[in-house]
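Worksheet for the structure shown next.
Residue numbers (UniProt numbering): 1 to 273.
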């Protein structure tokens with residue numbers, strides 16, 4: 001009910017080394033115990049976008065057949081996490097050696113560079129093929145930004161402690177899930193895109209069964225559900241962030257990635273395909 005179509009694992013000779021390297025990176029990070037703050041979570045945002053770009057390139061058949069499965073779901077998440085983890089470790093060593101003022105700066109800079117380079121390649125290829133259509137993707141990002149700002153204003157006015165404690169991490173969680181909701185709604189209602197996650201498709205179908213479907217479509221219900229879910233999660237995490245900020249922000253970063261990753265994937269895919 002929750003796994004998307006096309007969810008496939010690579011062959012063992014690719015999966016085992018990937019899991020071994022990822023496990024080693026996680027163990028090393030656990031030993032180093034770096035701090036996790038709002039700045040850390042924001043530094044990981046470009047990596048979430050980078051993973052989406054890698055997956056869109058897979059959808060456009062940009063990879064050789066021998067490795068293309070590594071960039072399908074869920075392997076692309078493991079690949080992105082491994083690379084991001086290695087850069088995080090390197091950033092920690094650079095900071096410890098006095099070569100960087102913060103851990104987050106090289107982490108975010110490298111992630112932004114990777115995302116920019118691969119996205120530009122994707123866009124240039126789309127322009128050459130004549131498939132570049134940025135209008136609705138831009139609209140999705142703008143609407144998501146407006147909805148996030150309004151939601152955060154309401155949260156700050158009514159639940160000041162939740163907004164203050166979760167901070168920029170909370171904003172990223174809300175924006176990521178709103179972007180996923182808005183881009184999915186636009187794709188489903190306007191662009192004729194299908195929905196690969198069965199549970200999401202049920203919500204979209206429920207929205208289209210309402211009397212409002214003839215006037216404003218049915219995707220709005222999915223946006224509302226995603227926004228409400230994000231807000232509720234932040235409320236539930238308030239005490240956890242206060243008591244164990246490192247672990248709580250890591251979990252919130254993962255929750256943000258679950259929204260921002262698919263949302264960015266939708267935006268890029270609609271733009272180039």
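Note that the Cβ used here is the ideal one computed from N, Cα and C, for glycine as well. The structure displayed is predicted, hence computed values, not measured ones.
Three-way DSSP call (helix, strand, coil) for residue i in this model
| i | result |
| --- | --- |
| residue 117 | helix |
| residue 8 | strand |
| residue 202 | helix |
| residue 74 | strand |
| residue 197 | coil |
| residue 36 | coil |
| residue 99 | coil |
| residue 84 | helix |
| residue 22 | helix |
| residue 190 | coil |
| residue 167 | helix |
| residue 228 | helix |
| residue 210 | coil |
| residue 124 | helix |
| residue 132 | coil |
C-alpha distance - residue i paired with residue j, whole-angstrom precision
| i | j | result |
| --- | --- | --- |
| residue 1 | residue 107 | In this prediction, residue 1 scores a pLDDT of 44, lower than 50, which makes its location untrustworthy; no coordinate-derived value is stated. |
| residue 220 | residue 46 | 27 Å |
| residue 31 | residue 112 | 26 Å |
| residue 229 | residue 156 | 17 Å |
| residue 99 | residue 36 | 20 Å |
| residue 59 | residue 270 | 11 Å |
| residue 124 | residue 26 | 35 Å |
| residue 121 | residue 56 | 11 Å |
| residue 196 | residue 265 | 13 Å |
| residue 158 | residue 90 | 41 Å |
| residue 43 | residue 127 | 30 Å |
| residue 227 | residue 97 | 42 Å |
| residue 71 | residue 54 | 6 Å |
| residue 282 | residue 231 | Any question about residue 282 goes unanswered here, given that the chain covers just 1 to 273. |
| residue 143 | residue 29 | 37 Å |
| residue 66 | residue 12 | 13 Å |
| residue 78 | residue 18 | 7 Å |
| residue 186 | residue 135 | 11 Å |
| residue 87 | residue 94 | 10 Å |
Endpoints, alpha helix (DSSP H) assigned at residue i
| i | result |
| --- | --- |
| residue 64 | Note, residue 64: premise wrong, no alpha helix (DSSP H); not H, not E. |
| residue 213 | 213 to 216 |
| residue 262 | 245 to 272 |
| residue 137 | 135 to 158 |
Residue i and residue j closer than 8 Å at C-beta
| i | j | result |
| --- | --- | --- |
| residue 192 | residue 204 | no |
| residue 146 | residue 181 | no |
| residue 52 | residue 10 | no |
| residue 253 | residue 41 | yes |
| residue 260 | residue 150 | no |
| residue 211 | residue 103 | no |
| residue 169 | residue 38 | yes |
| residue 50 | residue 82 | no |
| residue 233 | residue 216 | no |
| residue 164 | residue 152 | no |
| residue 263 | residue 200 | no |
| residue 73 | residue 267 | no |
| residue 105 | residue 161 | no |
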